[in-house]
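Using the working numbering, read the sequence shown as starting at 60 and increasing by one per residue.
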Amino acid sequence: MKRVTASVAAVALSLGIGVASGTGAASALQLSTWFVPSCGMPSMSGGPAGSVKVRVWSRPGNAKTVVLLDGLRATNDMSGWEHNTNVGLLADHGVNVVEPVGGLASFYSDWDAPSNLNNQRYRYMWNCVITRSLVNTMDAMGLRGPSGHYAIMGISMGGNAAMVIAANNPRNFDRAGSMSGFLNLSAPGMREAIRIALLDAGIEAGVGPFNSDSMWGPPWSTRWLDNDPFVQINKFRGKKIFIGAGSGVPGQYDNVLANPMLLLQGVPLEVLSLAQTRVFQAQAAINRVPVMTDFPPTGTHSWPYWQKMMWDALAWGFFK
60 MKRVTASVAA VALSLGIGVA SGTGAASALQ LSTWFVPSCG MPSMSGGPAG
110 SVKVRVWSRP GNAKTVVLLD GLRATNDMSG WEHNTNVGLL ADHGVNVVEP
160 VGGLASFYSD WDAPSNLNNQ RYRYMWNCVI TRSLVNTMDA MGLRGPSGHY
210 AIMGISMGGN AAMVIAANNP RNFDRAGSMS GFLNLSAPGM REAIRIALLD
260 AGIEAGVGPF NSDSMWGPPW STRWLDNDPF VQINKFRGKK IFIGAGSGVP
310 GQYDNVLANP MLLLQGVPLE VLSLAQTRVF QAQAAINRVP VMTDFPPTGT
360 HSWPYWQKMM WDALAWGFFK
């Protein structure tokens, strides 16, 4: 694996950053597109060869920057956060927003091997992209801020990944958040559930089933423990942690009559993620790791609830 250095990041900047400003004023909200080195993966988002697309909302003088990770069915045109929410506007409230694009069924991890069930010709290297290529580029663009650290958050699959990445990169990340994430992979049936989810996500996307054995090895591999936030609890000491999940009960943003699939997907997935998040909360309490929690009385596994959680995190001081 080729190490990505700051100089490589600078080359990536020269290849691909475009900046669009709403008003042209120096203090205006800026929407930028970056292309950062892909750690050996092919370009999957229309950028230069060997690059990953990143969308960035920023404002000069912002004190904090958050990296937002997508869910299992991430697409290559833009992040689900941009497709479905308004959280880019956090940049108008002191927090730059950085959204890597892509990562379908990847858990934003460095896989053991290419997925062999769908004849994928390359190995997913998303952990490398985020912790090396993206961090180096954010540093080069001056986004590290006064605290000297970044925040990272995600939904569902990305919630797990955000927690794991923050736990293992204390030099770069001092805040981590999971919304409807899967934070206890050691629970009975979870590894089998992830296997089924990766198979299904690849088939639905038209690229063929992904093999979880190619990701972290067979279920008895220690890499599953390495990527389980529940097991890694002591690595969260000294960080700000935000966790949340809905109850699974359809609420203000749901219309079951118009979208009956909620009962088959949005409800059971949220019930599962709630159980996972509550168990992580208990593990944190036992180990005296403080966490900020957001458990609304209603909410399914869907974007409007995650958008609200992001604004809750801002209002409750998570980024301060």
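Don't be surprised by glycine CBs; every beta carbon is placed ideally from N, CA and C.
- Straight-line spacing of the CA atoms in Val223 and Ala317 works out to 36 Å.
- Rounded to whole angstroms, the gap between the alpha carbons of Gly358 and Gly201 is 37 Å.
- One alpha carbon belongs to Phe241, the other to Trp362, and they sit about 16 Å apart.
- With a threshold of 16 other beta carbon atoms within 10 Å, Asp136 falls short and is exposed.
- Taking Gly267 as the centre and dropping the five residues before and after it, the same chain places the C-beta of Asn177, Gly261 closer than 6 Å to its C-beta, in chain order.
- Judged by DSSP secondary structure, Ser110 falls within the beta strand (DSSP E) whose first and last residues are 110-117.
- Assigned with DSSP and collapsed to three states, Asp171 falls in coil, not helix or strand.
- In the three-state reduction of the DSSP assignment, Pro355 falls in the coil class.
- Judged by their CB atoms, Met216 and Leu131 are nearer to each other than the 8 Å cut-off.
- Following the DSSP letters along the chain, one finds Gln89 inside the beta strand (DSSP E) bounded by residues 89-96.
- For Phe232, DSSP records a beta bridge to Tyr209.
- Under DSSP, Thr124 takes part in a beta bridge, and its partners are Asn155.
- Excluding five sequence positions before and after Met369, the CB atoms of its chain that fall closer than 6 Å to its own CB belong to Val146, given in chain order.
- Collapsing the DSSP output to three states places Ser237 in a strand.
- For Lys298, there is no enclosing alpha helix (DSSP H), as DSSP marks it with neither H nor E.
- By the 16-neighbour rule on beta-carbons within 10 angstroms, Leu148 is exposed.
- A buried status is given to Ser117, since no fewer than 16 other beta-carbon atoms sit within 10 Å of its beta-carbon.
- Membership of Gln311 in any alpha helix (DSSP H) is not indicated, and neither H nor E is assigned to it by DSSP.
- In summary, Ser245 is exposed, with fewer than 16 beta-carbon neighbours lying within 10 Å of its beta-carbon over all protein chains present.
- Between Ile292 and Gln340, the C-beta spacing is not below 8 Å.
- Looking at the backbone, the Cα of Ala235 and that of Ala225 are separated by about 6 Å.
- Exclusion of the five residues before and after Met103 leaves Asn135, Gly161 as the residues of its chain whose Cβ lies within less than 6 Å of its Cβ.
- The Cβ atoms of Phe269 and Val348 lie no closer than 8 Å to each other.
- Distances from the alpha-carbon of Val338 to those of Met197, Ala87, Pro247 put Pro247 closest.
- With a threshold of 16 other beta carbon atoms within 10 Å, Asn346 falls short and is exposed.
- For Lys379, there is no enclosing alpha helix (DSSP H), as DSSP marks it with neither H nor E.
- Secondary structure note for Ile224: its alpha helix (DSSP H) is the uninterrupted segment 216-227.
- Per DSSP, the continuous alpha helix (DSSP H) segment holding Trp275 begins and ends at 271-275.
- Annotation: the continuous alpha helix (DSSP H) that includes Ser332 extends over 325-345.
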